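S.K.: Residue numbers (full-length UniProt numbering), protein chains in the order written: chain H, 1 to 364; chain S, 1 to 364.
For reference, the structure I am asking about is given below.
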DNA sequence: TTGAAAGCGCTAACAC
DNA sequence: GTGTTAGCGCTTTCAA
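Take a look at the structure:
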């Protein structure tokens, strides 16, 4: 294929471009008759029993080298692959880890997912990813995957699930919470100290001389939103400032547009803030865009602090000052907690708080 | 465990953070004993045979209503859930669709993923997401999931796989290509006409009076990169312009940083371009950031056109002019093609090209 | 060291 | 309409 794919590039490309234009390339597909062999076939071919093949397959050492070689040869010759479905049924595990994320599109989750994925692979697991859209119904159906034994355990990054945890049997299921968590439920979790982190953001603003500090927050049904609001309030109070309640905006979505809309609303107040703390970088980036559109300069007219430190934060204009969460580590830890719980269902699994840090750039 | 996990947070967190960081948490495997009931238990409880329970479970209509009710009651009372592992073994399908994406972090893929997910769910499938990191080895191991019957089919968004397709048996496996595809291979695909799309981008720049147009492209091992380069070249030639080869930059990564670096390099030429076409929005956003850092104004000093139209494109400063791909539809179509292929392995599945469009904003 | 055989939990013939 | 039963492909005692 190396050679055939290296046919004069231009000629091939052009013809294929033409084929593409028409959009009509017909692809008569051959029958995918994959995996016809079973362990019995291999056994027969190697002149041994299925038990022996199984032993070889699983690397048991009680097989004579000569026998092993014969089996290995038969496997190779037949192109045999283990049917994991059968193996899973037998061993009662799927080696799949369910990950529920509220919004795949939010770059905040991408790095967390990578962390989960890497640890999962290290331990022979695959990640079954589900976008819940923060919808309770869908979430519930995803938990069913656990009940149906289609996944061995779950990592939930989705706030909506947490509250459900108490009400249903989901607390008997093998899952852990990541980022959004309730320490008072018996579910293992990993996250950061949202209260302190939000306080850090606000204290930074305070240190820069801002006194009129707005907050753009998620609905307080989210625990992290509650904690960040408390952190915001706490820092302000400690500085002897009574925050204007009109400066607290609630959004139902963390996307760019929501940030822009909230910022616009904020600046239309008779008495607008001179700084804003948004509880997500995506929100903050939307805020900056909205502000710019309305003719305000950041940080001169109004300072902006975000939360998360997604890779984009450094790229926008002005680069975003934000609270960094250790995203990759958050994901890795969540996966380890879950694996730990699976390995030892009766042991108590700890809750973990990871450190955050303030990253000062130009927006505040 | 609820109580034992309620130990003072600080002390617990610290020790566990250390254990987890080390990655050495020991994971001796024990049997997770959830879901103790089987279909036999339900049958017994309802005073019927397992076959009848199975019939009820699968909604067959040859069951007397009274019997059905009895079974349903028994199911409810026992909290029984189907063991999908067993069902899958029996029916030889997992109802899992594998999706291979080169980089979860690239927002371009997020909307495609949503499209896939929605169609998959509509048809009772779940999406098993794998980040290949554009790595051939990992990709290969993901294809193994198909061979092992752990997934029924796959959607591959990853360039690296395409070339592999010819060389290995992967062309007998049930998969489809999305976004990156080779019309000359017998694999169903969906994508856009990259040649024309790139041409449209360049013609827009031409129409705005630019003549010195640079290109920031992926390595030409990618088919889409080849086609876009051809489109770029074609449009330039048609306008009677001989493009300076030094204005063509190749990046090995589509992230923001790569765009910034390429832009910087471009502008250090003795004779820099006055416009740049980047083959990805993430790249283009990095270009803008890099340019700004170096003191260039967009679009006054240099115009920038991107590709994809991710949601962020409208948020950056200046808002990005770009080629929009119908991302959601791309994903939906890919899923449909795959489902179609699964439903009818012998039918020929078409290749599909979806329309793109130029979105003019302020960067060019 | 190897084999025979019993299931894992389910579906689908095939009987009644 | 309902029950009996034979597997799906594998792992794992238990014997030999």
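Idealized CB from N, CA, C, for every residue including glycine.
All values reported here derive from a predicted model rather than from experimental measurement.
Between residue 286/H and chain S, is there a C-beta pair that is closer than 8 angstroms?
M.R.: yes
S.K.: Among the candidates 241/H, 239/H, 194/H, whose CA atom is the shortest distance from the CA of residue 324/H?
M.R.: Nearest neighbour of residue 324/H by Cα position, chosen from 241/H, 239/H, 194/H, turns out to be 194/H.
S.K.: Does residue 340/H pass the burial test, meaning 16 or more other C-beta atoms within 10 Å, or should it be called exposed?
M.R.: buried
S.K.: Which residues in chain S sit within 8 angstroms of residue 253/H, going by Cβ to Cβ distance?
M.R.: Those within 8 angstroms of residue 253/H in chain S number zero; the least Cβ separation is about 12 angstroms.
S.K.: Using beta carbons (cut-off 8 angstroms, strictly below), is residue 266/S in contact with chain H?
M.R.: Residue 266/S does not count as touching chain H.
S.K.: The stretch 120-140 of chain S: which residues have C-beta closer than 8 angstroms to a C-beta of chain H, in chain order?
M.R.: 126, 127, 128, 129, 130, 131
S.K.: Apart from the five residues on each side of it in sequence, which residues of its chain come closer than 8 angstroms, Cβ to Cβ, to residue 302/H?
M.R.: Around residue 302/H: 267, 272, 273, 274, 275, 276, 291, 296.
S.K.: To the nearest angstrom, report how far apart residue 244/S and residue 320/S are at their CA atoms.
M.R.: 24 angstroms
S.K.: Indicate the three-state DSSP secondary structure (helix, strand or coil) for residue 181/H in the structure shown.
M.R.: coil
S.K.: So what does residue 153/S bridge to, in DSSP terms?
M.R.: 97/S
S.K.: Could you tell me which chain H residues have their CB closer than 7 angstroms to the CB of residue 299/S, listed as they occur along the chain?
M.R.: The contacting residues do not exist; residue 299/S stays about 14 angstroms from chain H at best.
S.K.: Can you list the alpha helix (DSSP H) stretches of 4 or more residues lying completely in the stretch 109-168 of chain S, in chain order?
M.R.: 136-147, 159-167
S.K.: Alpha carbon to alpha carbon, how far is residue 148/S from residue 76/H? Give it in angstroms, no decimals.
M.R.: Straight-line Cα distance between these residues: approximately 15 angstroms.
S.K.: Report the residue from 203/H, 204/H, 175/H whose alpha carbon sits nearest the alpha carbon of residue 190/H.
M.R.: When only C-alpha atoms are compared, the closest one is 175/H.
S.K.: Give the DSSP-derived three-state secondary structure of residue 247/S in the structure shown.
M.R.: helix
S.K.: DSSP three-state label for residue 288/S, please.
M.R.: helix
S.K.: Once you ignore the five residues that flank residue 6/S on each side, which residues in its own chain have a CB closer than 6 angstroms to its CB?
M.R.: Because residue 6/S carries a pLDDT of 26, less than 50, the predicted location of this residue cannot be relied on, and no value is offered for it.
S.K.: For residue 123/S and residue 152/S, I'd like the C-alpha separation in whole angstroms.
M.R.: 13 angstroms
S.K.: Contact between the stretch 76-86 of chain H and the stretch 83-95 of chain S: three or more CB pairs below 8 angstroms?
M.R.: yes
S.K.: Once you ignore the five residues that flank residue 49/H on each side, which residues in its own chain have a CB closer than 7 angstroms to its CB?
M.R.: 43
S.K.: Which of helix, strand or coil does DSSP assign to residue 191/S?
M.R.: Strand at residue 191/S.
S.K.: Given a cut-off of 8 angstroms on the beta-carbon distance, is the pair residue 311/H and residue 254/H in contact?
M.R.: no
S.K.: Name the residues in the stretch 314-327 of chain H whose C-beta lies less than 9 angstroms from a C-beta of chain S; which are they?
M.R.: For the stretch 314-327 of chain H, which is checked against every Cβ of chain S, the residues closer than 9 angstroms are 314, 315, 316, 317, 319.
S.K.: State the beta-bridge partners of residue 328/S as determined by DSSP.
M.R.: Note: residue 328/S sits in no beta bridge, so no partner.
S.K.: Can you grab the Cα-Cα spacing for the pair residue 46/S / residue 37/S, in whole Å?
M.R.: Using only the alpha carbons, I get a separation of about 13 angstroms.
S.K.: To the nearest angstrom, how far is the alpha carbon of residue 11/S from that of residue 351/H?
M.R.: Any reading at residue 11/S needs caution, since the residue's pLDDT is 29, under 50, leaving its predicted position unreliable; the model's value is listed next. Taking the Cα positions, residue 11/S is about 11 angstroms away from residue 351/H.
S.K.: Can you tell me which residues form a DSSP beta bridge with residue 175/H?
M.R.: 154/H
S.K.: Would residue 221/H be called buried (16 or more neighbouring beta carbons within 10 Å of its own) or exposed?
M.R.: The residue in question, residue 221/H, is exposed, as its Cβ has fewer than 16 Cβ neighbours within 10 Å.
S.K.: Taking the beta strand (DSSP E) that residue 308/S belongs to, which residues open and close that run?
M.R.: Segment 303-308, the beta strand (DSSP E) holding residue 308/S.
S.K.: Would you call the stretch 127-146 of chain S and the stretch 97-108 of chain S touching, i.e. three or more CB-CB distances under 8 angstroms?
M.R.: yes
S.K.: I'd like the list of long-range same chain contacts for residue 211/S, defined as Cβ closer than 7 angstroms, with 5 residues on each side in sequence excluded.
M.R.: 241
S.K.: Can you tell me which of the three DSSP states residue 357/H falls into?
M.R.: strand
S.K.: Below 9 angstroms on C-beta distance, what does residue 365/S contact in chain H?
M.R.: The question about residue 365/S has no answer, for chain S in this structure spans 1 to 364.
S.K.: Taking the C-alpha atoms as reference points, what is the distance between residue 162/S and residue 293/H?
M.R.: 43 angstroms
S.K.: Could you tell me the alpha carbon to alpha carbon distance between residue 31/S and residue 249/H, rounded to whole angstroms?
M.R.: Interpretation of residue 31/S is limited by its pLDDT of 30, a score under 50 that renders its predicted location unreliable; the figure taken from the coordinates is listed afterwards. In a straight line, the C-alpha of residue 31/S is about 48 angstroms away from that of residue 249/H.
S.K.: Cβ closer than 7 angstroms: which chain H residues qualify as neighbours of residue 89/S?
M.R.: 85, 86, 89
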